[in-house]
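In what follows, a single structure is set out as structure tokens and then discussed.
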């Protein structure tokens, strides 16, 4: 239903629930961190801005709420590191300019700020508006090539706030995609197959490239920043293909991303709270010191990798099915390769932090306080529940699809049916749980080796101490980086840096022209007059 500038829909209710839950958990965790009163005020306004955005009915409300989200996200990041906050603001202002340009064009040709007036526009005008709005939302969701602000913002923002950035704020861009694809430009977009395929490939490339970059990062928050970008690439692929199955896949992955990425950032926040670092080369062996955080991270990476019985599997299964049904085999191969990178950086994350030898400086480390462990435990519930009962989320998605006349997929609470087959998440969950229980029983009944201290070891007769590097963390994937070093040099940041230097140099040259010297200005005037005389053959007037 509609209320002046606000309209409520099934999708906005779903996203609103995500925003409220993650916002509450983020604020709870932040109480253990040292923040100013203004920080908490900013978080409250940020949550309000996101709720207003997903329920906006006209373009002005949409834009103002978008700017509220940008402004108060900036203040949240500012609490961590000012330079990263400024970088975030600059990029998101660019996104705002794209949206303002679209609104201005809409008003110029229709005289209205209501997006449903676009049917008065021609095909070329619709395409321009669509691309401008898409680019604006792409900045917020960090779709490549607009992703360059994410690494710094996620790394340097307060740990509890990073969970909110990844779990909720990034969803604003995805909601914007859905808005323009299936509501504002629905008829136009559904009839442009090449546009659909182009955007789907953009999502696939984002998923793959961001996954590759994630494997090379030492800072766990940087790794998860690229992981977040990569996983949102799957969402873009699903909604861009614009079939009922692919949209359901993208929407389900959207919810899954909110759960497992938020969970992972909270586990890193727990580790950082106790150890004071997020760099993986400085960590290790924390599994017994922080068991709840370990379990949270373990299930988080299982979901991230798309393994049942977690929330990460149904969405990716539906996405693969939709790609195969549509005959997009090459794009499916790209997505599958992106999933391989997810396995690689996930293993690095869990091994580097929780496995291997424990540095002596962490001998007295304890589990994180309740403010951090409670969000982990809370998020584990939907992570497993929606993994074995995907229909709970799919019924929300059905309502969204029905409103826009896109059709539904056949499913129940625990099963999903496609033209290629049937998947029962509950059965798969029972099988996985049974296999784990069986393996655990074998472990308990089997012979156990003698437990020794990590330094009760020797190498060529010499006593091993901490001077020996026993933790395989440094240059974790050096062999891989050597093979793709040429690719890693192809950074979009290099292009942006070149553009910055070019514009800066051009501006400096123009500044030197305006020297403030009257003699220089007289010389410019004389040169201009001489040039005009030469152009007009000795005459300055006709």
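In the working numbering, the protein residues as written are -8 to 533.
We put the beta carbon where it would ideally sit given N, CA and C, even for glycine.
| query | result |
| --- | --- |
| Whole-Å CB distance - residue 237 paired with residue 310, under 8 Å assumed | 7 Å |
| Residue 415, enclosing beta strand (DSSP E) - first and last residue | 412 to 415 |
| Nonlocal neighbours in the same chain, by C-beta distance under 8 Å from residue 371, ignoring five residues either side | 254, 286, 287, 290 |
| contact_flag[the stretch 183 to 200, the stretch 156 to 166] where n(CB pairs < 8 Å) is 3 or more | no |
| Straight-line gap, residue 176 to residue 394 (C-alpha atoms, nearest Å) | 15 Å |
| Minimum length 3: unbroken beta strand (DSSP E) runs contained in the stretch 478 to 516 | none |
| Per DSSP, cross-strand counterpart(s) of residue 406 | 415 |
| Any alpha helix (DSSP H) of 4 or more consecutive residues that is wholly inside the stretch 7 to 65 | 28 to 45 |
| Per-residue DSSP class, three states only, for residue 401 | strand |
| Which listed residue (195, 143, 193) has its alpha carbon closest to that of residue 211 | 143 |
| CA-to-CA distance, residue 373 to residue 382, given in whole angstroms | 12 Å |
| Nearest-angstrom beta carbon gap, residue 171 and residue 243 [assumed within contact, 8 Å] | Their Cβ separation, rounded to whole angstroms, is 20 Å, which puts residue 243 and residue 171 out of contact at 8 Å. |
| Residue range of the unbroken alpha helix (DSSP H) whose run includes residue 350 | Unbroken run through residue 350: none, as it is neither H nor E. |
| Closest by C-alpha distance to residue 412, when choosing among 351, 401, 78, 280 | 401 |
| As assigned by DSSP and simplified to three states, the class of residue 209 | coil |
| Nearest candidate by alpha-carbon position, reference residue 487, set 5, 81, 12 | 81 |
| Buried/exposed call for residue 196, threshold 16 Cβ in 10 Å | buried |
| For residue 270: DSSP bridge partner residues | 210 |
| Span separating the alpha-carbon of residue 390 from that of residue 433 | 46 Å |
| Length of the line joining the Cα atoms of residue 99 and residue 112 | 11 Å |
| Residue 533 to residue 508 span [Cα, whole Å] | Here the model assigns residue 533 a pLDDT of 48, short of 50, so the residue's position is not dependable, and the following value carries that caveat. In a straight line, the C-alpha of residue 533 is about 33 Å away from that of residue 508. |
| Bounding residues of the alpha helix (DSSP H) (the contiguous stretch that carries residue 472) | 469 to 474 |
| Selected residue, minimal CA-CA separation from residue 407, among 304, 334, 482, 368 | 304 |
| Buried/exposed call for residue 282, threshold 16 Cβ in 10 Å | exposed |
| Cβ pair residue 207, residue 474 closer than 8 Å | no |
| Local conformation of residue 309 per DSSP, three classes | helix |
| Beta-carbon separation (whole angstroms), residue 53 vs residue 65, contact threshold 8 Å | Not quite, the Cβ-Cβ distance comes to about 19 Å (not below 8 Å), so this is no contact. |
| Element boundaries [alpha helix (DSSP H), containing residue 116] | 114 to 132 |
| Beta carbon of residue 249 nearer than 8 Å to that of residue 296 | no |
| DSSP state of residue 69 mapped onto helix, strand, coil | helix |
| Cβ distance (whole Å) where residue 216 is taken to contact residue 251 below 8 Å | With 8 Å as the limit, residue 216 and residue 251 do not qualify as a contact, their Cβ atoms being about 14 Å apart. |
| Residue burial classification, residue 178 (beta-carbon count within 10 angstroms, cutoff 16) | exposed |
| Spatially closest choice to residue 75 from 266, 478, 140, 97, by CA coordinates | 140 |
| Contact under 8 Å by Cβ, residue 86 with residue 30 | no |
| Residue 4, DSSP secondary structure in three states | helix |
| Closest residue to residue 342 among 468, 62, 180 (Cα-Cα distance) | 468 |
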